[in-house]
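Visitor:
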Amino acid sequence: MHISDGVLPTSVLAIESAASGALALWTVPRLRDADVPRTAVLTAAFFTASLIAFPIGGTSVHLTLVGLLGAVLGPAAFPAVLVGIVLQAALLGHGGLTTIGVNALTMGSGALAAGWLFRRAPVADAPRRAARWAAVSAAFGFGISLAIYVATLLAAGSALRDVARLAILANLPVLGLEALVAWAAVGFIARVEPRLLRPARRVVATAFVLLGLGLVAAPPAFAHGARMDAQIRGRNLHVEAWFTDGTPIAEASVRVEVRGPKGGGGKARVLEGKLSKDGVWDAELPPGAARVHVVVQDPTGHRAEQRLTVLGGRTQTAAGRHAGHHRERVPWLRVLLGFGAIAALALLLHRLQRRRDAPTGESPSS
Numbered sequence: 555m556h557i558s559d560g561v562l563p564t565s566v567l568a569i570e571s572a573a574s575g576a577l578a579l580w581t582v583p584r585l586r587d588a589d590v591p592r593t594a595v596l597t598a599a600f601f602t603a604s605l606i607a608f609p610i611g612g613t614s615v616h617l618t619l620v621g622l623l624g625a626v627l628g629p630a631a632f633p634a635v636l637v638g639i640v641l642q643a644a645l646l647g648h649g650g651l652t653t654i655g656v657n658a659l660t661m662g663s664g665a666l667a668a669g670w671l672f673r674r675a676p677v678a679d680a681p682r683r684a685a686r687w688a689a690v691s692a693a694f695g696f697g698i699s700l701a702i703y704v705a706t707l708l709a710a711g712s713a714l715r716d717v718a719r720l721a722i723l724a725n726l727p728v729l730g731l732e733a734l735v736a737w738a739a740v741g742f743i744a745r746v747e748p749r750l751l752r753p754a755r756r757v758v759a760t761a762f763v764l765l766g767l768g769l770v771a772a773p774p775a776f777a778h779g780a781r782m783d784a785q786i787r788g789r790n791l792h793v794e795a796w797f798t799d800g801t802p803i804a805e806a807s808v809r810v811e812v813r814g815p816k817g818g819g820g821k822a823r824v825l826e827g828k829l830s831k832d833g834v835w836d837a838e839l840p841p842g843a844a845r846v847h848v849v850v851q852d853p854t855g856h857r858a859e860q861r862l863t864v865l866g867g868r869t870q871t872a873a874g875r876h877a878g879h880h881r882e883r884v885p886w887l888r889v890l891l892g893f894g895a896i897a898a899l900a901l902l903l904h905r906l907q908r909r910r911d912a913p914t915g916e917s918p919s920s
């Protein structure tokens with residue numbers, strides 16, 4: 555459900571980023587000092603949820619945990635999502651830097667919606683009822699996120715209409731998975747901690763246990779990002795694309811801009827098509843092609859691009875090339891860096907809140 559850089563027009567980026575900033579300004583002051591530890595832990599869970607990929611058709615999707623975050627954190631779910639989105643873009647290459655606000659609005663709004671519904675349910679001292687309502691709230695929240703995601707793609711223009719339609723079909727199974735995760739997690743928390751959704755070590759432990767089980771049970775991928783290899787032989791352009799778990803990207807759209815030599819002027823010629831089920835596409839370049847820009851994008855927003863310079867009928871740049879499909883390892887070092895950043899941010903927020911709440915003239919460490 556992440557949107558990459560270069561997909562949305564500036565107007566959509568500006569409007570949704572402003573809305574995301576407004577939600578951050580509204581939710582961050584509501585984060586209490588006692589909520590910081592569990593917020594940090596669930597932020598880490600959200601951050602690493604993008605490593606739990608599920609292949610569906612010719613693409614792969616991942617859990618967001620927006621329902622679980624909303625049920626457990628309430629308004630604090632939005633700052634958790636925002637921090638997770640920033641770290642996913644910076645460390646895992648998932649999403650984009652210019653679309654941080656858009657992606658935070660998409661998933662953060664779903665988390666807030668899930669929390670809003672869950673807190674209106676009569677679940678006190680009723681673990682089974684709490685689990686059922688958590689599942690309903692998670693499905694509702696994920697549905698809100700999916701609706702915003704699709705609306706964003708449609709607002710970008712008719713070119714993404716097919717992408718939006720296919721994104722709905724690809725993400726519908728995830729709605730059930732989100733509900734199942736929320737049902738299991740909140741049901742367990744409700745049994746071991748009668749005062750549901752209160753800061754407790756068991757809540758923290760539960761989040762880590764669920765995350766660990768997910769990482770073991772599901773095929774991990776480097777944020778299941780998209781990779782591609784474009785080569786030119788004579789006048790033939792050959793494109794291959796795959797996910798970082800080695801699975802070919804099937805039937806994704808391909809757009810190629812072809813230009814002449816630098817300084818030669820003239821408009822770019824555009825070639826469009828779709829990858830085969832094996833993630834392969836071939837096309838004949840027009841005469842005089844010197845600079846080629848290839849973009850591959852699948853229905854769920856995974857995007858890869860490569861720029862080629864052609865001299866003498868051969869590719870003169872290896873930017874973005876890989877020696878065939880291969881599975882990439884989970885970037886544990888970057889994951890640990892993300893955990894460290896979350897812990898440091900939580901500690902800083904804790905210190906700032908203690909300083910704010912300390913009586914005038916009294917040191918916060920006293």
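Here my numbering = 1-based position in the sequence shown + 554. Note that CB positions come from ideal geometry on N, CA and C, so glycine has one too.
For Glu826, which three-state DSSP category applies?
Guide: Glu826 falls in the strand class under three-state DSSP.
Visitor: Give me, in chain order, the residues of the same chain whose beta-carbon lies closer than 6 Å to that of Lys816; leave out the 5 immediate sequence neighbours on both sides.
Guide: If we look at Lys816 and ignore the five residues flanking it on each side, it has no Cβ neighbours.
Visitor: Quickly, what does DSSP pair Asn790 with across the bridge? List them, please.
Guide: According to DSSP, which records beta bridges pairwise, Asn790 is partnered with Arg787, Glu838.
Visitor: Just grab the DSSP bridge partners of Val808 for me.
Guide: DSSP, once it has assigned bridges, lists Gly827, Val850 as partnering Val808.
Visitor: Leaving out the 5 sequence neighbours to the left and right, which residues in its chain are closer than 8 Å to Leu729 when beta-carbon positions are compared?
Guide: Ala693, Phe696, Gly697, Leu700, listed in sequence order.
Visitor: If I measure Cβ to Cβ from Gly827 and keep anything under 6 Å in the same chain, skipping five residues before and after, which residues do I get?
Guide: Val808, Trp835.
Visitor: Going by beta carbon distance, what residues of the same chain come within less than 8 Å of Arg641, once the five residues before and after it are set aside?
Guide: The sequence given here places Leu at residue 641; Arg does not occur at that position. The residues are Phe601, Gly892, Ala895, Ile896.
Visitor: Based on Cα-Cα distance, which residue from Gly788, Ala795, Leu825 lies nearest to Val864?
Guide: Closest option to Val864, Cα to Cα, is Gly788.
Visitor: On the criterion of 16 or more Cβ atoms from any shown chain inside 10 Å, does Pro633 qualify as buried, or is it exposed?
Guide: Pro633 should be labelled buried.
Visitor: Using only alpha-carbon positions, find the residue among Ala804, Gly669, Thr706 that is nearest to Thr660.
Guide: Considering only alpha carbons, the answer is Thr706.
Visitor: Kindly indicate which three-state DSSP category Arg875 falls into: helix, strand or coil?
Guide: Because Arg875 sits at a pLDDT of 41, beneath the cut-off of 50, its placement in the model cannot be relied upon, and the point is left open.
Visitor: Is it the case that the Cβ atoms of Gly711 and Arg673 are separated by a distance below 8 Å?
Guide: The answer is no: Cβ separation not under 8 Å.
Visitor: Identify, in the order they occur along the chain, each residue of the same chain with its Cβ nearer than 8 Å to the Cβ of Ile702, setting aside the five sequence neighbours on each side.
Guide: Leu659, Thr660, Ser663, Gly664, listed in sequence order.
Visitor: Residue ranges of each beta strand (DSSP E) run of no fewer than 3 residues wholly in the region 611–698, ordered along the chain?
Guide: Taking only runs of at least 3 residues, the beta strand (DSSP E) segments lying wholly in the region 611–698 are 613–616.
Visitor: Where Ala588 and Glu805 are concerned, what is the direct C-alpha to C-alpha distance, given to the nearest angstrom?
Guide: If you take the alpha carbons of Ala588 and Glu805, they lie about 48 Å apart.
Visitor: Applying the criterion that 16 or more other CB atoms from any shown protein chain within 10 Å of the CB defines a buried residue, is Trp737 buried or exposed?
Guide: Result: buried.
Visitor: DSSP beta-bridge partners for Arg845?
Guide: Its beta-bridge partners are Arg813, Thr863.
Visitor: In this structure, how does DSSP classify Ala710 when only helix, strand and coil are distinguished?
Guide: Residue state, collapsed to three classes: coil.
Visitor: Would you check if the distance between the CB atom of Pro841 and the CB atom of Arg823 is smaller than 8 Å?
Guide: No; because the gap between Cβ atoms is not below 8 Å, this pair is not in contact.
Visitor: For Pro727, does the three-state DSSP call read helix, strand or coil?
Guide: DSSP places Pro727 in helix when its eight states are reduced to three.
Visitor: Buried or exposed: which applies to Leu560, given that a residue is buried once 16 or more other Cβ atoms fall within 10 Å of its Cβ?
Guide: The amino acid at residue 560 is misidentified as Leu; the sequence shows Gly. Looking at its Cβ environment, which holds fewer than 16 other Cβ atoms inside 10 Å, Gly560 is exposed.
Visitor: Is Pro802 helix, strand or coil by DSSP?
Guide: Pro802: strand per DSSP, three-state reduction.
Visitor: For Thr564, is the classification buried or exposed, using 16 other Cβ atoms within 10 angstroms of its Cβ as the cut-off for buried?
Guide: When all chains shown are included, Thr564 counts as exposed.
Visitor: Would you list the residues sitting across from Phe797 in a DSSP beta bridge?
Guide: Paired residue(s): Ala780.
Visitor: If you measure between the beta carbons of Val637 and Leu899, is that distance less than 8 Å?
Guide: In contact: Val637 and Leu899 (Cβ atoms closer than 8 Å).
Visitor: Considering only the alpha carbon of each residue, which of Arg715, Leu617, Arg686, Ala599 lies closest to Asp852?
Guide: When each option's Cα is compared against that of Asp852, the closest is Arg715.
Visitor: For Arg752, is the classification buried or exposed, using 16 other Cβ atoms within 10 angstroms of its Cβ as the cut-off for buried?
Guide: In this prediction, Arg752 scores a pLDDT of 49, lower than 50, which makes its location untrustworthy; the coordinate-derived value is nonetheless stated afterwards. Counting Cβ neighbours within 10 Å, Arg752 comes out exposed, since fewer than 16 surround it.
Visitor: Ala689 to Glu811, Cα distance in whole Å?
Guide: Answer to the nearest angstrom: the Cα atoms are 45 Å apart.
Visitor: Please state whether the Cβ-Cβ distance between Thr653 and Ala630 is less than 8 Å.
Guide: Against a cut-off of 8 Å, the Cβ pair of Ala630 and Thr653 comes out as no contact.
Visitor: What residue does the alpha helix (DSSP H) around Ser558 start on, and which one ends it?
Guide: No alpha helix (DSSP H) holds Ser558; DSSP gives it neither H nor E.
Visitor: Give the straight-line distance between the Cα atoms of His856 and Ser558, rounded to the nearest whole angstrom.
Guide: Distance between the alpha carbons of His856 and Ser558: 7 Å.
Visitor: Does DSSP put Arg857 in a helix, a strand or coil?
Guide: Strand.
Visitor: With burial defined as no fewer than 16 other Cβ atoms inside 10 Å of the residue's Cβ, what is the status of Asn657: buried or exposed?
Guide: Result: buried.
Visitor: Over what stretch of residues does the alpha helix (DSSP H) that includes Pro591 continue unbroken?
Guide: 590–603 is the extent of the alpha helix (DSSP H) around Pro591.
Visitor: For the alpha helix (DSSP H) that Leu577 lies in, which residues bound it at each end?
Guide: Its alpha helix (DSSP H) spans residues 564–581.
Visitor: Identify which residue in Ala744, Leu666, Glu838, Leu720 has its Cα closest to the Cα of Pro681.
Guide: Considering only alpha carbons, the answer is Ala744.
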